[in-house]
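Colleague: If you read the sequence shown in numbering that gives the first Met the number 0, its first letter stands for residue 0, the second for the next number, and so on.
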Amino acid sequence: MKINYSNGKRIFREHSEGIPYLSACMLDGLGVPNLFATRFISWDDDKGEGTEGLRTSLMPGDDISGTAPVIQEFRDRLAHLLGSSIDFECITDQRHTSHVHVASENDLGIRWPRRLPLHRQYVDGVVTDVPDALLTAFGGDCPPVYLADPVRKAVGLVHAGRKGTLGRIPAVAIARMIVNFGSEPGNMYAVIGPGVCQDCYEMGDEIYDEFASRWGVPDAERIFRRYPSGRYHLDLREANRITLLRAGIPEDHIAVSNVCTACNADTLYSYRAGRLENEGTAMIVNRWEEK
Ligand SMILES: [Zn+2]
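(1) If we ignore side chains and look at the alpha-carbon of each, how far apart do phenylalanine 137 and glutamine 120 end up?
(2) Taking buried to mean at least 16 other C-beta atoms within 10 Å of its own C-beta, is isoleucine 191 buried or exposed?
(3) For leucine 156, tell me which candidate among Arg12, Phe35, Ser5 and Glu16 has the shortest Cα-Cα distance.
(4) Identify every run of the beta strand (DSSP E) within the stretch 176-255, keeping only runs that are complete inside it and at least 3 residues long; order them along the chain.
(5) Since leucine 295 and alanine 189 should fall inside the 8 Å C-beta cutoff, what is the C-beta to C-beta distance between them, to a whole number of angstroms?
(6) Between aspartate 265 and valine 258, what straight-line distance do the alpha-carbon atoms span, to the nearest angstrom?
(7) How big is the Cα-Cα spacing for valine 122 and alanine 102?
(8) Can isoleucine 90 and threonine 135 be called in contact, C-beta distance under 8 Å?
(9) Near glutamate 104, what residues of its chain come up, given a Cβ to Cβ distance below 6 Å and the 5 sequence neighbours on each side ignored?
(10) Is it the case that the CB of cysteine 259 approaches a heavy atom of ligand 1 more closely than 7 Å?
(11) Any idea if proline 227 is buried or exposed, counting beta-carbon neighbours within 10 angstroms, 16 or more meaning buried?
(12) With distances taken from CA atoms, which of Ser256, Asn285, Asn277 and Val284 is nearest asparagine 3?
(13) In three-state terms, what does DSSP make of arginine 119?
(14) Using 8 Å for Cβ pairs, my map puts valine 144 next to proline 169. What's the rounded Cβ distance?
(15) With the cut-off set at 8 Å, would you say serine 5 and cysteine 196 are in Cβ contact?
(16) Under 7 Å: does the beta carbon of valine 255 sit that close to some heavy atom of ligand 1?
(17) Just to confirm the assignment, what range does the beta strand (DSSP E) spanning leucine 21 have?
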């Protein structure tokens, strides 16, 4: 597995034995099982290396009845890497909202593939304090944001694309954790996962205007830059880092991925790079292992 790290720092690390995946060093340090999947999700244990192109998320135009069971089986293999299974999984339909669901035991193991019409709930993030719950999110350039509260033993995972970022979905998730679990942001940790980098994320002026009107011009100036092409580029990572800081997460409790999905399109799924047969899969388990 060849990953380009923009600044050489290992915010995520590679696991190359069997099914290759990345995990966030900060969450590993807390003993919280987590992953970000690559394009390679091996179907055959004996192969010893990943097989490309096996799907974990439904895409528009899929035949749901035929495709969903297979996709769930592949996702189950990812879950097994974390000592979990899709029987404990909670996923959302990811509609580019900033809505966050508080998952109870009743939400786990529902085998609803995303975008199933019966389960459109317009939710893009989940938080939970149920032990062993598995949260899964997808993104083909949109970074996942992982949240962990070691005091209340609770975790969260949100899909922070451009619209969710604009709606400050990480702050919505943190607010849910405060209200429902008694979490204190000062105790919490956050990881902004692999997603598109600023160089790869060109935007129309209207998107700058949208952020400037909702976030104010000073923040917009921090997260947008005009490139020599004359076009704006948006820094989704910095935008979400600002949101996490404002929500009270200490600066040294925030890890920002330096892995760009578009720059690493041979290894990761990227919409911008035109490699979106599937989406990247992020997972976190609410389990706190002894280190
Ligand atoms: Zn890039």
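Glycine included, each C-beta is placed from N, C-alpha and C at the ideal position.
Modeller: According to the structure shown:
(1) Position 138 of the sequence shown holds residue 137. Position 121 of the sequence shown holds residue 120. In a straight line, the C-alpha of phenylalanine 137 is about 16 Å away from that of glutamine 120.
(2) For this step, residue 191 is matched to residue 192 along the sequence shown. Classification for isoleucine 191: buried.
(3) To locate residue 156, count along the sequence shown from 1; it is residue 157. Among Arg12, Phe35, Ser5 and Glu16, the Cα nearest to that of leucine 156 is on Phe35.
(4) 188-191, 223-225, 231-233 and 253-255
(5) Nothing about residue 295 can be read from this structure; the chain reaches only from 0 to 290.
(6) Stepping through the sequence shown from its first residue, residue 265 is reached at position 266. Stepping through the sequence shown from its first residue, residue 258 is reached at position 259. Near 13 Å, if we compare the C-alpha coordinates of valine 258 and aspartate 265.
(7) On the sequence shown, residue 122 is found 123 positions in, with the first residue counted as 1. On the sequence shown, residue 102 is found 103 positions in, with the first residue counted as 1. Answer to the nearest angstrom: the Cα atoms are 12 Å apart.
(8) Position 91 of the sequence shown, counted from the first residue, corresponds to residue 90. Position 136 of the sequence shown, counted from the first residue, corresponds to residue 135. Cβ distance < 8 Å, so isoleucine 90 and threonine 135 count as in contact.
(9) In the sequence shown, residue 104 corresponds to position 105, counting from 1. Closer than 6 Å at the Cβ level, and outside the excluded window around glutamate 104, lie Val129.
(10) The count along the sequence shown starts at 1 and reaches residue 259 at position 260. Yes, Cβ of cysteine 259 sits closer than 7 Å to a heavy atom of ligand 1.
(11) Locating residue 227 in the sequence shown gives position 228, where the first residue counts as 1. Result: exposed.
(12) Within the sequence shown, numbered from 1, the residue matching residue 3 stands at position 4. When only C-alpha atoms are compared, the closest one is Ser256.
(13) Position 120 of the sequence shown holds residue 119. Only weak support is given to the placement of arginine 119: the predicted model assigns it a pLDDT of 47, under 50, and the question is left unresolved by the model.
(14) Locating residue 144 in the sequence shown gives position 145, where the first residue counts as 1. Locating residue 169 in the sequence shown gives position 170, where the first residue counts as 1. Indeed they touch by this definition, with Cβ atoms about 5 Å apart.
(15) Here residue 5 refers to the residue found at position 6 when the sequence shown is read from its first residue. Here residue 196 refers to the residue found at position 197 when the sequence shown is read from its first residue. Yes, they are a contact pair.
(16) Against the sequence shown, residue 255 aligns to sequence position 256. Incorrect: valine 255 has no Cβ contact closer than 7 Å to ligand 1.
(17) Reading the sequence shown from its first residue, position 22 is the one you call residue 21. Leucine 21 -> beta strand (DSSP E) spans 20-23.
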